Amino acid sequence: MKNSISPPILLPKLPTSWIVPSVQWLGLIWLLWLGGTITFPLLAISWNWSWIELLLLVSAYSCLMVASYTYVMRYRNKLLSQYQQQIAEYRLQFSKYQKQLNSIPPLQTQTEELIDYKCRCQLLANLMLKRVSPIG
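Numbering (this note's numbering), first residue to last: 15 to 150.
Now the structure itself:
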């Protein structure tokens, strides 16, 4: 019987789910852009601004909205790719865990070895108690 102690086999932890900005945020940014491109020209006309000032205002607002949209989109894609990478690592660790579990010998074999070992010890103890010579 083997007396070596193997390290415990631990189940890998699931990756923590991250809070990913939803697609609704992107839709909200688009709606804000649409509302601004309609509202700002109306305000500029009511304030008697020239067409150049109107175009500058709308283009600056559009640039601001594009920057916020790309920031949210990149942040979302970055978080999703990191989470997918963690899931792939978890699957790899889980497959290693399953291989380790499959490499463990069945429990029945170990109990049979233990019973055989106990029987031998009992027979040896009986021999020593009776002081019987093992040769005969």
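For every residue, glycine included, the Cβ atom is placed at its ideal position computed from N, Cα and C.
As the structure is a prediction and not an experimental result, all values here were calculated from the model.
message: So, does the segment 24-40 touch the segment 90-97, judging by three or more C-beta pairs under 8 Å?
response: yes
task: Give every residue of the same chain whose Cβ lies closer than 7 Å to the Cβ of M87, excluding the five residues on either side of it in the sequence, and list them in chain order.
output: The residue given as residue 87 occupies position 73 in the sequence shown. L40, listed in sequence order.
query: With C-beta atoms as the reference, is L42 less than 9 Å away from Y111?
result: For this step, residue 42 is matched to residue 28 along the sequence shown. For this step, residue 111 is matched to residue 97 along the sequence shown. No, they are not a contact pair.
- prompt: Based on Cα-Cα distance, which residue from T51, Y83, E127 lies nearest to Q38?
  reply: If you number the sequence shown from 1, residue 38 lands on position 24. For the residues T51, Y83, E127, the minimum Cα distance to Q38 belongs to Y83.
- prompt: What number of angstroms, rounded off, separates the C-alpha of C135 from the C-alpha of I118?
  reply: Indexing the sequence shown from 1 puts residue 135 at position 121. Indexing the sequence shown from 1 puts residue 118 at position 104. So the two alpha carbons sit approximately 26 Å from each other.
message: Rounded to the nearest angstrom, what separates I66 and S76 at their Cα positions?
response: Within the sequence shown, the letter at position 52 stands for residue 66. Within the sequence shown, the letter at position 62 stands for residue 76. Those two C-alpha atoms are separated by around 15 Å.
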